[in-house]
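Novice: The listed protein sequences correspond, in order, to chains A and B. Anchor point for the first sequence: position 65 equals 65 in the numbering used here, and the numbering is continuous, going up by one each time. To convert a position in the second sequence, counted from 1, into the numbering used here, add 111. We put the beta carbon where it would ideally sit given N, CA and C, even for glycine.
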Amino acid sequence: GDSVTQMEGPVTLSEEAFLTINCTYTATGYPSLFWYVQYPGEGLQLLLKATKADDKGSNKGFEATYRKETTSFHLEKGSVQVSDSAVYFCALSLNDYKLSFGAGTTVTVRA
Amino acid sequence: SQTIHQWPATLVQPVGSPLSLECTVEGTSNPNLYWYRQAAGRGLQLLFYSVGIGQISSEVPQNLSASRPQDRQFILSSKKLLLSDSGFYLCAWSVWGENYGYTFGSGTRLTVV
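#1: Whose Cβ in chain B lies nearer than 8 Å to the Cβ of residue 75/A?
#2: Comparing alpha-carbon positions, which option in 86/A, 92/A and 24/A lies nearest residue 11/A?
#3: Given 8 Å as the limit, is there contact between the region 143-150 of chain B and the region 187-202 of chain B, that is, 3 or more CB pairs closer than that?
#4: Return the chain-ordered list of same chain residues with a C-beta closer than 8 Å to the C-beta of residue 63/A, the five sequence neighbours on each side being excluded.
#5: What do you reckon, are the CB atoms on residue 217/B and residue 43/A nearer than 7 Å?
#6: Quick one: Cα of residue 174/B to Cα of residue 158/B, how far?
#7: For residue 150/B, which residues from the same chain have a beta carbon less than 6 Å from its beta carbon, with the 5 sequence-adjacent residues on both sides left out?
#8: Assign residue 195/B to buried or exposed, taking buried as 16 or more other Cβ atoms, counted over all protein chains shown, within 10 Å of its Cβ.
#9: Suppose the cutoff is 6 Å on Cβ atoms and the five residues either side in sequence are ignored; what does the same chain contact list for residue 156/B look like?
#10: What do you reckon, are the CB atoms on residue 106/A and residue 41/A nearer than 7 Å?
#11: Any idea if residue 165/B is buried or exposed, counting beta-carbon neighbours within 10 angstroms, 16 or more meaning buried?
#12: By DSSP, does residue 194/B sit in helix, in strand, or in coil?
#13: For residue 13/A and residue 109/A, which I take to be in contact (beta-carbon distance under 8 Å), what is that distance rounded to the nearest angstrom?
#14: Since residue 34/A meets chain B, which of its residues come closer than 7 Å, beta carbon to beta carbon?
#15: Let me confirm a value: residue 18/A is counted as buried when at least 16 other C-beta atoms fall within 10 Å, else exposed. Which label applies?
#16: Can you name the start and end residues of the beta strand (DSSP E) that residue 156/B belongs to?
#17: Along the chain, where does the beta strand (DSSP E) that runs through residue 57/A open and close?
#18: Who are the near neighbours of residue 101/A in its chain, counting only those whose CB is closer than 6 Å to its CB and skipping five residues on each side?
Next comes the structure, spelled out in structure tokens:
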């Protein structure tokens, strides 16, 4: 079935460090890909998305590129802040009914 | 603008008691609605989704049920809670034909004691 695999955490970084969270997917068709972020005690917020191959999603300094050849959608940020501490979820959707999530990666940024 | 309301924010219930969590959406019509559960330290599990009034699809067999009495209202229920029902419950909506992902509510932290 369709699924998402993302790197296990937790990930601990210092401020201004480079962040990468790997995400790969398995799908029978051509999915849309998403990154969601969950700040402590809150629900999930859409961080960025890409709907077709080679699309780059970006928001708040985060970027991810839809790579069909490697079935990947890795999340990157060049210089993290303490406020980026959160749980990050990679997800895919082949239709509007279901969104399949990865297990989530906890990121902690230390001052 | 579209908004989603989910309540209560936190809930502590004894084992064997009933449960009712409510979710309402504003600013859109005929949304797809979802209930997810996030257990401690784990990812998101889709529990139920609904594409219309009275239409409920269950993803996993469990102690919970869902209902959609109105277009923009989605209710998660249980007749008798189990300890294993503890978790963070999230409601979400999406719109058919617009594959922009979901919009999530702020969640309900349920602790069964």
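Specialist: Taking the geometry as given:
#1: None at all; the shortest Cβ gap to chain B is about 15 Å.
#2: Of 86/A, 92/A and 24/A, the residue nearest in Cα terms is 86/A.
#3: The answer is yes - the region 187-202 of chain B touches the region 143-150 of chain B, with three or more Cβ pairs under 8 Å.
#4: The residues are 48, 56, 57, 75, 76 and 77.
#5: Yes, the Cβ-Cβ distance between residue 217/B and residue 43/A is below 7 Å.
#6: Cα-Cα distance, rounded: 11 Å.
#7: Excluding residues within five positions, the ones whose Cβ falls inside 6 Å are 198.
#8: It counts as exposed.
#9: 148.
#10: Cβ atoms of residue 106/A and residue 41/A: not closer than 7 Å.
#11: Answer is exposed; the Cβ neighbour count stays below 16.
#12: For residue 194/B, the secondary structure class from DSSP, reduced to helix, strand or coil, is helix.
#13: The beta carbons of residue 13/A and residue 109/A sit about 5 Å from each other, so the pair counts as a contact at 8 Å.
#14: In chain order: 212.
#15: Residue environment for residue 18/A: exposed (fewer than 16 other C-beta atoms within 10 angstroms of its C-beta).
#16: First-last of the beta strand (DSSP E) with residue 156/B: 155-163.
#17: Note, residue 57/A: beta strand (DSSP E), 56-59.
#18: Around residue 101/A: 89 and 91.
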